[in-house]
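In order, the protein sequences belong to chains A and B.
By our numbering, the letter at position 90 of the first sequence is numbered 93, and the numbering carries on one by one without gaps.
By our numbering, the letter at position 145 of the second sequence is numbered 366, and the numbering carries on one by one without gaps.
First the structure, in the form of structure tokens, and then the observations on it.
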Amino acid sequence: MGNCFKSSSNDDISLLRGNDTESNESTIEPPPFVEPPPPYRAQPEPQRRMPIYHPSPGVSRPANQLSEDEQIKIAQRLGLINHLPTGKYDGTNKKAKECVICMNEFLIGEPLRYLPCMHIYHKECIDDWLMRSFTCPSCMEPVDAALLTTYQTN
Amino acid sequence: MSGLPRRIIKETQRLMAEPVSGITAVPDEHNSRYFHVVVAGPSQSPYEGGLFKLELFLPEEYPMSAPKVRFMTKIYHPNIDKLGRICLDILKDKWSPALQIRTVLLSIQALLSAPNPDDPLDNNVADHWKSNEKSAIDQARQWTQTYAKSNMNNH
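Structure (structure tokens):
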């Protein structure tokens with residue numbers, strides 16, 4: 004386990020979901036740098052496009068102000084999120100019609116993400132939330148525990 | 222208001238169309254993220270008969286972060302402090318974007334029915350509650366009469 008900021012280290016986590024379809028669309032962009040800039044480079048210019056992360060709920064920090072532990076946590080989280088299955092809404096699921104996060108109806112072709120508890124959200128909506136809290140918004144089930152259960156019962 | 226998320230518009234419309242019983246929430250005419258809320262004290266509680274004004278604000282990050290809610294009307298309750306701040310898990314670490322303005326207000330209404338002195342925000346009130354529940358409830362009833370009676374201009 005390194006603290007490298009690149010996401011989706013497929014090698015170590017893929018065993019959680021066996022032979023699964025790897026969602027390798029690289030839709031979660033790796034942050035544009037590996038380490039925080041050294042202090043002498045702390046100029047305003049690189050901060051303009053700095054992504055904001057949420058190392059814990061309610062905490063928002065630009066990527067260059069994260070502690071090493073927070074970087075590790077976020078990198079792990081990005082990797083785990085990438086292992087949750089995705090799909091596109093095709094209108095066949097009659098139960099899930101609306102994304103409870105944005106409260107908009109699912110439209111045909113919109114990218115979705117499926118959590119192990121079987122709750123479904125817009126990919127963009129749930130990924131934003133999972134980066135803050137690794138729980139299902141609807142049932143509050145911790146997603147990593149559910150991932151492990153999936154692995155153990157397979 | 223430009224750039225108001227569809228979710229906030231929808232929630233507002235639904236709140237208007239199907240109001241929660243005992244609760245009104247009206248968006249401010251100048252700021253659609255700010256709601257003027259009135260919660261009626263639940264029956265069988267020491268707050269019965271009172272009308273409690275609250276303010277609710279949807280921060281920029283909503284629904285990724287919880288609404289900010291505060292009692293404007295003075296209330297004697299172990300989980301609500303002098304400034305009207307509320308100790309309620311779903312407003313803090315148990316927030317989930319599946320919750321809504323409606324569910325938050327219902328939870329606050331429920332908190333009035335079931336004060337929890339073991340998880341206090343105001344220690345004096347909580348100590349009072351734990352040492353002499355009957356007297357604390359009397360005090361809460363008295364405050365309801367004094368501060369939460371119909372005259373809604375009285376903060």
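Glycine included, every Cβ here is placed at the ideal spot set by N, Cα and C.
Check: Taking the runs of the alpha helix (DSSP H) that are 4 residues or longer, which of them lie wholly in the region 63-103 of chain A?
Finding: Inside the region 63-103 of chain A, DSSP marks whole alpha helix (DSSP H) runs of 4 or more residues at positions 71-85, from first to last along the chain.
Notebook entry, point to check: What beta strand (DSSP E) runs, 3 residues minimum, are completely inside the region 248-306 of chain B?
Noted result: 255-261, 272-278 and 289-292
Check: Exposed or buried, ALA66 of chain A, counting other C-beta atoms within 10 Å across all chains shown (16 or more means buried)?
Finding: Counting from 1 along the first sequence, the entry for residue 66 of chain A is found at position 63. Its Cβ being crowded by 16 or more others within 10 Å, ALA66 of chain A is buried.
Item checked: Assigned exposure category for ALA287 of chain B - 16 Cβ within 10 Å defines buried -> Mapped onto the second sequence, residue 287 of chain B falls at position 66. Under this definition ALA287 of chain B is a buried residue.
Notebook entry, point to check: Between which two residues does the beta strand (DSSP E) harbouring ARG116 of chain A extend?
Noted result: On the first sequence, position 113 is the one that residue 116 of chain A refers to. Boundaries of the beta strand (DSSP E) around ARG116 of chain A: 114-117.
Margin query: At the 9 Å Cβ level, is ALA238 of chain B part of the contact set with chain A, yes or no?
Written below: Along the second sequence, read from residue 1 onward, the residue named residue 238 of chain B stands at position 17. ALA238 of chain B does not count as touching chain A.
Checklist line | Reduced DSSP secondary structure (H/G/I, E/B, other) of ALA246 of chain B | finding: For the purposes of this step, residue 246 of chain B is taken as residue 25 along the second sequence, with counting starting at 1. DSSP places ALA246 of chain B in strand when its eight states are reduced to three.
Note to self: Out of A:TYR92, A:PRO54, A:HIS86 and A:ASN85, which one is the CA nearest neighbour of GLN74 of chain A?
What the structure shows: Position 71 of the first sequence holds residue 74 of chain A. Nearest option by C-alpha distance: A:PRO54.
Next item on the list: Measure the Cβ-Cβ separation of ARG291 of chain B and ILE307 of chain B and say whether it is below 9 Å.
Entry: One-based indexing of the second sequence puts residue 291 of chain B at position 70. One-based indexing of the second sequence puts residue 307 of chain B at position 86. Closer than 9 Å, so yes.
Margin query: By alpha-carbon positions, which one of B:LYS313, B:PRO280, B:THR367 and B:HIS298 ends up nearest to ALA347 of chain B?
Written below: Within the second sequence, residue 347 of chain B is the residue found at index 126, counting from 1. Ranking the options by Cα distance to ALA347 of chain B, first place goes to B:HIS298.
Notebook entry, point to check: From PRO267 of chain B to SER334 of chain B, what distance separates their C-alpha atoms?
Noted result: Mapped onto the second sequence, residue 267 of chain B falls at position 46. Mapped onto the second sequence, residue 334 of chain B falls at position 113. Rounded to the nearest angstrom, the two C-alpha atoms are 8 Å apart.
Next item on the list: Using beta-carbon positions only, say whether SER136 of chain A and HIS122 of chain A come within less than 9 Å of one another.
Entry: The residue given as residue 136 of chain A occupies position 133 in the first sequence. The residue given as residue 122 of chain A occupies position 119 in the first sequence. No. Outside cutoff.
Item checked: Alpha carbon of PRO341 of chain B to alpha carbon of PRO318 of chain B, nearest angstrom -> Taking the first residue of the second sequence as 1, we reach residue 341 of chain B at position 120. Taking the first residue of the second sequence as 1, we reach residue 318 of chain B at position 97. Spanning the two alpha carbons is a distance of roughly 25 Å.
Item checked: GLN330 of chain B burial status per 10 Å Cβ neighbour count (16 or more: buried) -> Here the question's residue 330 of chain B lines up with position 109 in the second sequence. By the neighbour-count rule (16 or more Cβ atoms within 10 Å), GLN330 of chain B is buried.
Next item on the list: Indicate the three-state DSSP secondary structure (helix, strand or coil) for HIS349 of chain B in the structure shown.
Entry: Sequence index remark: in the second sequence, residue 349 of chain B carries index 128 (1-based). It is helical.
Notebook entry, point to check: Does the Cβ-Cβ distance between THR294 of chain B and PHE278 of chain B come in under 9 Å?
Noted result: Counting from one through the second sequence, the residue named residue 294 of chain B turns up at place 73. Counting from one through the second sequence, the residue named residue 278 of chain B turns up at place 57. With respect to the 9 Å criterion, THR294 of chain B and PHE278 of chain B are not classified as neighbours on the basis of their beta carbons.
Check: By Cβ distance below 7 Å, which residues in the same chain neighbour LEU110 of chain A in space, the five residues on each side in sequence not counted?
Finding: One-based indexing of the first sequence puts residue 110 of chain A at position 107. Closer than 7 Å at the Cβ level, and outside the excluded window around LEU110 of chain A, lie TYR92.
Check: Can you tell me the Cα-Cα spacing of SER63 of chain A and ASP130 of chain A, whole angstroms?
Finding: As a first step, residue 63 of chain A is located in the first sequence; it is residue number 60 there, counting from the start. As a first step, residue 130 of chain A is located in the first sequence; it is residue number 127 there, counting from the start. One C-alpha to the other measures close to 16 Å.
Notebook entry, point to check: Should ARG52 of chain A go down as buried or exposed, given a rule of 16 or more other Cβ atoms within 10 Å for buried?
Noted result: Working through the first sequence from its first residue, we reach residue 52 of chain A at position 49. It counts as exposed.
Next item on the list: Run the CB neighbour count on LEU225 of chain B, radius 10 Å, all protein chains shown included, and call it buried at 16 or more, exposed below.
Entry: As a working note, residue 225 of chain B is residue 4 in the second sequence. Counting other Cβ atoms within 10 Å of its Cβ, LEU225 of chain B stays below 16 and is therefore classed as exposed.
Checklist line | Buried versus exposed, by CB contacts within 10 Å (16 or more), ASN96 of chain A | finding: Looking up residue 96 of chain A in the first sequence gives position 93. So ASN96 of chain A ends up on the exposed side.
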